[in-house]
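K.L.:
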Amino acid sequence: ADSYWCSDSCQGGWAEVDAECAATGSQQIPNGLTYNTTSILKRFQNVSLAGGIIHAWHSQSWAMHMFRIVNQTSSGELKFEKGGGRQGARNWCRCDQCTYAAHWCGQYHKPPWNDTRMISGTWMVENLLSELDF
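The sequence shown begins at 2 in the numbering used here and counts up by one.
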């Protein structure tokens with residue numbers, strides 16, 4: 002798999018994740034996201050988000066990736082176009098890999114549970130024609 006690192010001596014934020022992915026020949030890039038349908042985003046339940054672009058920060062705000070939305074469900078799931086999100090050339094961290102990165106991960110719940118979700122930070126959506134003022 003493609004790797005950000007050009008040496009066997011990885012350092013820096015989430016280096017352990019990149020090293021693990023390089024060793025196993027895998028990549029950890031999101032193929033979608035799920036948002037809370039009871040939040041302010043509930044207005045999007047009846048709006049097509051297909052073609053929109055998600056800008057998603059890493060949880061520690063040191064990289065941003067972009068993903069084109071190809072599908073959505075009424076339960077708040079967005080699916081991304083295959084091959085997107087490689088702008089930062091970095092793998093995303095899962096809750097069970099970087100327990101220091103997200104306070105909402107299952108490891109912090111009572112009782113704790115094995116949470117393998119990818120960690121994201123702030124995100125926004127753009128390129129929604131239906132949301133423009135004419």
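Ideal placement from N, C-alpha and C gives every residue a C-beta, glycine not left out.
Taking only three categories from DSSP, how would you classify D134?
P.N.:
In the sequence shown, the residue the question calls residue 134 occupies position 133. It is coil, neither helix nor strand.
K.L.:
Quick one: is N92 buried, meaning 16 or more other Cβ sit within 10 Å of its Cβ, or exposed?
P.N.:
Working through the sequence shown from its first residue, we reach residue 92 at position 91. Buried is the call here.
K.L.:
Could you check which residue in S40, P112 and C106 has the C-alpha nearest to that of R118?
P.N.:
In the sequence shown, residue 118 corresponds to position 117, counting from 1. Nearest C-alpha to R118: C106.
K.L.:
Under three-state DSSP, which class holds V18?
P.N.:
On the sequence shown, residue 18 is found 17 positions in, with the first residue counted as 1. Here V18 sits in helix by DSSP.
K.L.:
Taking all protein chains shown into account, decide if G86 is buried (16 or more other Cβ within 10 angstroms of its Cβ) or exposed.
P.N.:
As a position in the sequence shown, residue 86 is number 85, starting the count at 1. G86 comes out buried.
K.L.:
Between which two residues does the beta strand (DSSP E) containing R69 stretch?
P.N.:
As a first step, residue 69 is located in the sequence shown; it is residue number 68 there, counting from the start. Unbroken beta strand (DSSP E) run through R69: M65 to Q73.
K.L.:
Is it buried or exposed for S88, if we count other Cβ within 10 angstroms and need 16 for buried?
P.N.:
Here the question's residue 88 lines up with position 87 in the sequence shown. In the sequence as displayed, the identity of residue 88 is Gln instead of Ser. Exposed: under 16 other Cβ atoms inside 10 Å.
K.L.:
In the DSSP assignment, find the unbroken beta strand (DSSP E) run with K111 in it and report its ends.
P.N.:
Within the sequence shown, residue 111 is the residue found at index 110, counting from 1. From DSSP, K111 is part of no beta strand (DSSP E); its letter is neither H nor E.
K.L.:
Under 8 Å, with one C-beta from each stretch per pair, do the segment 52 to 64 and the segment 112 to 131 reach the 3-pair mark?
P.N.:
Yes, the segment 52 to 64 is in contact with the segment 112 to 131.
K.L.:
I believe A103 touches S60 by the beta-carbon criterion, under 8 Å. Please report the beta-carbon distance rounded to the nearest angstrom.
P.N.:
In the sequence shown, the residue the question calls residue 103 occupies position 102. In the sequence shown, the residue the question calls residue 60 occupies position 59. So it is a contact: roughly 5 Å between Cβ atoms.
K.L.:
Please name the residue in N72, S76 and G77 whose C-alpha comes closest to that of K83.
P.N.:
Position 82 of the sequence shown holds residue 83. Considering only alpha carbons, the answer is N72.
K.L.:
Excluding five sequence neighbours on each side, which residues of the same chain lie with their C-beta closer than 6 Å to the C-beta of T35?
P.N.:
If you number the sequence shown from 1, residue 35 lands on position 34. The residues are G77 and E78.
K.L.:
Counting only the same chain and skipping the five closest in sequence on each side, list residues whose C-beta sits under 8 Å from that of W124.
P.N.:
On the sequence shown, position 123 is the one that residue 124 refers to. So the qualifying residues of the chain are L34, I55, H56, A57 and W58.
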